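**Q** Keeping their order, the protein sequence lines are chains X and V. Just add 1163 to wherever you are in the first sequence, counting from 1, and you've got this note's numbering. Just add 50 to wherever you are in the second sequence, counting from 1, and you've got this note's numbering. This is the structure I have questions about; it appears just below.
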Amino acid sequence: MKPDDIPCLPRGVRLHNDPVRGQWVLLAPERALMIDMVGHAVLSRVDGHRTYREIVDELAGSFDAPREEISKDCSGLMDALRNRRILDVVK
Amino acid sequence: MTAVKPPIAMLAELTHRCPLSCPYCSNPVQMAVRENELDTQVWTRVFREAADLGVLQLHLSGGEPASRPDLVELVDAARDAGLYTNLITSGIGLTKKRLDALDAAGLDHVQLSLQGTNAAMADRIGGYRGGYDRKMLVAEWVGEIGFPLTLNFVVHRQNLAQLPQALAMAEKMGARRIEIATVQFHGWALKNRDALMPTREQAKHAGRIVAEVRERLKGRLVVDYVPADYHEDFPKRCMGGWGTSGLNIGPDGQVLPCHAAQSIPHLKFESVKARSLAKIWYESEAFNMYRGTGWMQEPCKSCDRKTIDFGGCRCQALAIVGDAAATDPVCSKSPHHSALQLQADAHASSEGSALIYRLPPEKTVAH
């Protein structure tokens, strides 16, 4: 992810609050990915408007962790989802 | 035994009726007749029960689900229940108008089947003239509406040479995913092993093509690949493990651990008409029979892979070895493995076998 990239969840991908398992799930074509708290903090900020840099800044503000570490987690998750076409970058 | 977890995915076979008659159809050889199909109300209740049980993904399938006049209502009900809805279709029976209505009802994803990459192949395998042209039209409409699309190409000896064209087609259609699924030899396909079994060479070549395209189209097209089972050395983790993450409901409401489970004659299946889905999932004999590892015999019992592949496919163990609790003969540790490999090569080198097409469900209930 580059700082000015704007990530988005493409059509057919959505965050779902699963009452049965008591956790967030990312629903996508033929996939249901269980999302932890960090994952949810990242993905709930993916709205097709905020840039990657803005998302990392926000997370650095709300979590007590070094920005580099947050950026590493964030891009790790986003790259993995991008390779599976579960997250896109706005063109 | 560890606690049973709720299922993630449910396959709803809305009907066994289908305009196509593919010789590898996954429907049972004995099909449910139209008169016994669950109605809209019962499916609506079942979708709610499924969501309450923990199902996240609903696959609407058949037969051809578009053969159900109430398909749009069913999608609406499924979304209402909070389920992610996936339509698994040949495209036949869908119009632009109907797709628009499915869009309005909240359909999440479309999986379009492909029998071949040109009309000559596709219509011969599907047994339905004009099917290919219609399918291409449906694919265009799906693209116009913007549904995420998965192309599902079922491959076998007769059409494997078209694999590169199918991948190019998926790319051109803007599909996000393509599933390359080698025919699984159950039910109808079991009758067609001589005509459909891929050669070992074909299977290897397909594996190389998939690896190359995965690398080249990384981040653009996701390629899921089900290799030719009989030629492998380790069995597939069937259904993610029996009664572990998925369940199937037949058109008449029978709840099955997998779509071929009815081929195991000693299993008794329960119906959503008589019992709640949760009770069936957690308590029924059919689901508990091969759940976990307690049922296993040697060599599975002491195998370090037993929780990786759960001994493979129960239906295949029964069909080939005659014992549903045996190790899947695909496994190199099975005493039947080398016989299966020889058998696979014999099927693959058989010449001139005609396709045996699936037959439609009987018109009336037999008494």
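Here a beta-carbon is modelled for each residue, glycine too, at the ideal position from N, C-alpha and C. Because the structure is a prediction, the values reported are computed rather than measured.
1. Does at least one heavy atom of the ligand MG sit under 6 Å from the Cβ of V/K147?
2. Is it true that the CB of X/P1170 sits closer than 7 Å to the CB of X/V1219?
3. Can you look up V/A59 in the DSSP assignment and give me helix, strand or coil?
4. In the DSSP output, what is V/T249 paired with across the bridge?
5. With three or more C-beta pairs closer than 8 Å as the rule, is the region 335-348 of chain V touching the region 301-308 of chain V?
6. Whose CA, out of V/I58, V/P56 and V/V83, lies closest to the CA of V/R67?
7. So V/D378 is in the beta strand (DSSP E); what residue range does that whole segment cover?
8. Just to confirm my understanding: we take V/S76, look at its own chain, exclude 5 residues before and 5 after, and list those with CB closer than 6 Å. What are they?
9. Would you say the region 148-156 of chain V touches the region 94-105 of chain V, given that touching needs at least three Cβ pairs under 8 Å?
10. Give every residue of the same chain whose Cβ lies closer than 7 Å to the Cβ of X/L1172, excluding the five residues on either side of it in the sequence, and list them in chain order.
11. From V/L199, V/P277 and V/L271, pick the residue whose C-alpha is nearest to that of V/R258; which is it?
12. Measuring only the C-alpha atoms, how far is V/K323 from V/F97?
13. Going along the chain, which residues of the region 209-230 of chain V sit with their C-beta nearer than 9 Å to a C-beta in chain X?
14. Starting from the C-beta of X/R1247, find all residues in its chain whose C-beta is less than 7 Å away, skip the five residues before and the five after it, and write them out in chain order.
15. Give the DSSP-derived three-state secondary structure of X/S1238 in the structure shown.
16. In chain X, which residues lie with their C-beta within 8 Å of the C-beta of V/N136?
17. For the beta strand (DSSP E) holding X/D1210, just list the boundary residues, first then last.
18. Within 8 Å, do at least three Cβ pairs link the region 206-215 of chain V to the region 247-261 of chain V?
19. Taking the alpha carbon of V/T377 as the reference point, which residue from V/V92, V/V272 and V/Y340 has its own alpha carbon closest?
20. Write down every uninterrupted run of the beta strand (DSSP E) in the region 263-290 of chain V whose length is 3 residues or greater and which is fully enclosed by it, in chain order.
21. To which residues does DSSP link V/F203 through a beta bridge?
22. With distances taken from CA atoms, which of V/G290, V/C288 and V/Y134 is nearest X/G1175?
23. Using a Cβ-Cβ cut-off of 7 Å, state whether X/G1185 counts as contacting chain V.
24. In chain X, which residues lie with their C-beta within 9 Å of the C-beta of V/T200?
25. Within 10 angstroms of its Cβ, does V/I142 collect 16 or more other Cβ (buried), or is it exposed?
26. Contact between the region 222-240 of chain V and the region 197-205 of chain V is defined here as three or more beta-carbon pairs at a separation below 8 Å; is this criterion met?
27. Here's the rule I'm using: 16 or more other beta-carbon atoms within 10 Å means buried, otherwise exposed. How should X/A1243 be labelled?
28. Could you tell me which residues DSSP pairs with V/C363 in its beta bridges?
29. Just to confirm the assignment, what range does the beta strand (DSSP E) spanning V/T90 have?
30. Name the residues in the region 155-171 of chain V whose C-beta lies less than 8 Å from a C-beta of chain X; which are they?
31. Across which residues does DSSP place X/R1194 in a beta bridge pair?
32. Using a C-beta cutoff of 7 Å, does V/V96 count as contacting chain X?
33. Which one of X/P1192, X/F1226 and X/S1207 has the shortest CA to CA distance from X/N1180?
34. If you pair each beta-carbon of the region 106-122 of chain V with each one of the region 53-67 of chain V, do three or more pairs fall below 8 Å?
35. Taking the Cβ atom as the reference point for each residue, do V/M247 and V/A398 lie within a distance shorter than 7 Å?
36. Hey, does V/P277 have any beta-carbon neighbour from chain X nearer than 7 Å?
**A** From the atom records:
1. Summarising the ligand content, the structure contains no ligands, and the ligand MG is consequently not present.
2. Counted from its first residue, the first sequence places residue 1219 of chain X at position 56. Counted from its first residue, the first sequence places residue 1170 of chain X at position 7. At a Cβ-Cβ threshold of 7 Å, X/V1219 and X/P1170 do not count as neighbours.
3. Locating residue 59 of chain V in the second sequence gives position 9, where the first residue counts as 1. Here V/A59 sits in strand by DSSP.
4. On the second sequence, position 199 is the one that residue 249 of chain V refers to. Under DSSP, V/T249 shares a beta bridge with no residue.
5. Counting C-beta pairs with one atom in each stretch, the region 301-308 of chain V and the region 335-348 of chain V have three or more that are closer than 8 Å, which means they touch.
6. The residue you call residue 67 of chain V lines up with position 17 of the second sequence. Of V/I58, V/P56 and V/V83, the smallest CA-CA separation from V/R67 is found for V/V83.
7. On the second sequence, position 328 is the one that residue 378 of chain V refers to. Looking at the DSSP string, V/D378 is not in any beta strand (DSSP E), and its letter there is neither H nor E.
8. The residue you call residue 76 of chain V lines up with position 26 of the second sequence. The residues are H309.
9. Counting Cβ pairs under 8 Å, fewer than three are found: no touch.
10. Position 9 of the first sequence, counted from the start, is the residue given in the question as residue 1172 of chain X. Around X/L1172: V1209 and L1250.
11. Residue mapping note: residue 258 of chain V aligns to position 208 of the second sequence, counting from 1. Relative to V/R258, the option among V/L199, V/P277 and V/L271 whose CA is nearest is V/P277.
12. Residue 323 of chain V sits at position 273 when you count from the first residue of the second sequence. Residue 97 of chain V sits at position 47 when you count from the first residue of the second sequence. Cα to Cα, V/K323 sits roughly 13 Å from V/F97.
13. Going along the region 209-230 of chain V in chain order, one finds R226, R227 and E229 with a Cβ nearer than 9 Å to chain X.
14. For the purposes of this step, residue 1247 of chain X is identified with residue 84 of the first sequence, where counting begins at 1. Excluding sequence neighbours, X/R1247 sits near nothing in its chain.
15. Along the first sequence, read from residue 1 onward, the residue named residue 1238 of chain X stands at position 75. Note: X/S1238 maps to helix in three-state DSSP.
16. Position 86 of the second sequence, counted from the start, is the residue given in the question as residue 136 of chain V. From the beta-carbon of V/N136, the residues of chain X found nearer than 8 Å are P1192 and E1193.
17. Within the first sequence, the letter at position 47 stands for residue 1210 of chain X. Segment: none, X/D1210 is in no beta strand (DSSP E) and carries neither H nor E.
18. In short, these stretches touch, since the Cβ pair count reaches three.
19. The sequence position of residue 377 of chain V within the second sequence is 327, counting from 1. Nearest option by C-alpha distance: V/Y340.
20. Within the region 263-290 of chain V, the complete beta strand (DSSP E) runs of at least 3 residues are 272-276.
21. For the purposes of this step, residue 203 of chain V is taken as residue 153 along the second sequence, with counting starting at 1. The partner list for V/F203 (beta bridge, DSSP) reads V/L164 and V/I230.
22. As a working note, residue 1175 of chain X is residue 12 in the first sequence. Checked all of V/G290, V/C288 and V/Y134; the closest Cα to X/G1175 is V/Y134.
23. Translated into the one-based positions of the first sequence, residue 1185 of chain X becomes position 22. Cβ-Cβ to chain V under 7 Å: no for X/G1185.
24. Along the second sequence, read from residue 1 onward, the residue named residue 200 of chain V stands at position 150. By Cβ distance, chain X contributes P1192 and E1193.
25. Position 92 of the second sequence, counted from the start, is the residue given in the question as residue 142 of chain V. Flag for V/I142 reads buried.
26. When C-beta atoms of the region 222-240 of chain V are compared with those of the region 197-205 of chain V, three or more pairs fall below 8 Å, so the two segments count as touching.
27. Position 80 of the first sequence, counted from the first residue, corresponds to residue 1243 of chain X. Exposure of X/A1243 is indicated by the presence of fewer than 16 other C-beta atoms within 10 angstroms of its C-beta.
28. Here residue 363 of chain V is taken as the residue at index 313 of the second sequence, counted from 1. The bridge partners DSSP lists for V/C363 come to none.
29. Taking the first residue of the second sequence as 1, we reach residue 90 of chain V at position 40. From DSSP, V/T90 is part of no beta strand (DSSP E) but of the alpha helix (DSSP H) over T90 to L103.
30. If the cut-off is 8 Å between Cβ atoms, the region 155-171 of chain V has D158, H159 and Q161 near chain X.
31. Within the first sequence, the letter at position 31 stands for residue 1194 of chain X. X/A1191.
32. Taking the second sequence and counting its residues from 1, the one referred to as residue 96 of chain V is at position 46. For V/V96, the nearest beta carbon of chain X is not closer than 7 Å to its own beta carbon.
33. Residue numbering aside, residue 1180 of chain X sits at position 17 when the first sequence is read from its first letter. Checking every option, the nearest Cα to that of X/N1180 belongs to X/S1207.
34. Segments in contact, yes.
35. Along the second sequence, read from residue 1 onward, the residue named residue 247 of chain V stands at position 197. Along the second sequence, read from residue 1 onward, the residue named residue 398 of chain V stands at position 348. In this structure, V/A398 lies closer than 7 Å to V/M247 by Cβ.
36. Locating residue 277 of chain V in the second sequence gives position 227, counting from the first residue. The beta carbon of V/P277 sits no closer than 7 Å to any beta carbon of chain X.
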